[in-house]
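Per my numbering: the sequence shown = residues 2 to 119. Note that beta-carbon positions come from the ideal geometry of N, C-alpha and C, so glycine has one too. Beneath this line is the structure, given in structure tokens, with notes to follow.
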Amino acid sequence: MSALEAENNKGGSKKTRARSRARIQADNGDDEEIVALLEHAEARKEELASRELSLREQQLAHDRALLEEARQWRAEDRAERLRREAQDTDAAETARVELAALTRALEALTNSKTSSGN
Numbered sequence: 002m003s004a005l006e007a008e009n010n011k012g013g014s015k016k017t018r019a020r021s022r023a024r025i026q027a028d029n030g031d032d033e034e035i036v037a038l039l040e041h042a043e044a045r046k047e048e049l050a051s052r053e054l055s056l057r058e059q060q061l062a063h064d065r066a067l068l069e070e071a072r073q074w075r076a077e078d079r080a081e082r083l084r085r086e087a088q089d090t091d092a093a094e095t096a097r098v099e100l101a102a103l104t105r106a107l108e109a110l111t112n113s114k115t116s117s118g119n
């Protein structure tokens with residue numbers, strides 16, 4: 002039973018009933034204000050959550066771009082290292098062949114001097 006009904010049942014004066022009615026209406030106004038505040042707070046909370054999600058997605062996209070850049074850099078670095086190793090291997094092989102040729106030439110010169118000197 003509401004406060005207004007209780008007042009009516011007691012047979013109170015019209016003035017008392019009017020005060021009770023005014024109090025109930027004020028309470029209803031407060032409830033509406035509280036509901037409006039809660040709805041506003043909930044909307045703000047959702048807006049902030051949406052912003053946070055957007056920022057996290059942007060950060061993730063940025064991190065992925067950095068990761069891809071690092072992968073490319075690492076792949077380029079590896080390709081350059083392999084190219085240098087191949088050049089070094091070729092240079093070492095060329096030096097070995099040239100050394101063998103020079104050694105044979107020196108041996109041939111030594112043998113020809115020894116043969117012509119005998």
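How should Glu58 be labelled, buried or exposed, when 16 other C-beta atoms within 10 angstroms of its C-beta is the threshold for buried?
exposed
Please report the distance separating the alpha-carbon of Leu110 from that of Glu77.
49 Å
Contacts around Ser55, its chain only, beta-carbon distance under 7 Å, and the 5 residues preceding and following it disregarded
none
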